[in-house]
Amino acid sequence: MAFAGVLNDADITKALDECKGADTFDYKKFFKTCGLAGKSADEVKKAFYIIDQDKSGFIEEDELKLFLQNFSAGARVLSDGETKTFLKAGDVDGDGKIGADGPHFRYLSQVVCICGALSNV
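See the structure below:
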């Protein structure tokens, strides 16, 4: 599994099950359920590089659309609406991508960490 050492298989399975239906993906809920929320910035960065399929240093819309398939090859593709909502959360400068370095990634990793902190409230 691509996320071995970063995430628990059972948590990933549960997160994928929660968003099997069309237009049911919520990135905050997914991060919390799969265990990514609350991880350190370094652990989130490891996940970033798994999702960055073309190794460009950016996660573009086409890669984000296939986000769930990084966790399981049989997972569904995100809808256009789900993809755009997810992209908007991490694309702070409006360039259409989330970067591993700079404000894009730092912002998304903060969102992931905040989701973890809020889940403990």
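Residue numbers for the sequence shown follow the UniProt record's numbering, so the first one is 1 and each next one is one higher. Each residue gets a CB set at the ideal place from its N, CA and C atoms; glycine is no exception. Predicted model, so just to flag it, every value in this text is computed and none were measured.
Could you say which of the options lies nearest to residue i if we only look at CA atoms?
i	options	result
Ala-100	Phe-71, Lys-65, Glu-43 and Leu-78	Glu-43
Lys-88	Leu-68, Lys-46, Ala-73 and Ile-59	Ile-59
Lys-14	Asn-70, Phe-30 and Asp-23	Phe-30
Leu-64	Ser-56, Leu-16 and Asp-52	Asp-52
Ala-2	Ser-40, Asp-91, Lys-46 and Lys-97	Lys-46
Straight-line CA distance for residue i to residue j?
i	j	result
Ser-72	Asp-93	30 Å
Val-121	Cys-34	Low confidence applies to Val-121: its pLDDT is 42, below 50, so where it sits in the model is not reliable, and the reading given next is rough at best. The alpha-carbon atoms of Val-121 and Cys-34 are separated by roughly 18 Å.
Asp-54	Ile-12	23 Å
Ser-79	Leu-16	15 Å
Gly-96	Val-77	18 Å
Gly-74	Leu-68	9 Å
Ala-10	Asp-91	29 Å
Lys-20	Asn-70	14 Å
Leu-7	Glu-61	23 Å
Per the DSSP calculation, residue i is bridged to which residue(s)?
i	result
Gly-99	Phe-58
Buried or exposed for residue i, please, with buried defined as at least 16 other CB atoms from any protein chain shown within 10 angstroms of its CB.
i	result
Ala-41	exposed
With three or more C-beta pairs closer than 8 Å as the rule, is the stretch 76 to 87 touching the stretch 17 to 27? Enough Cβ pairs lie closer than 8 Å, so yes.
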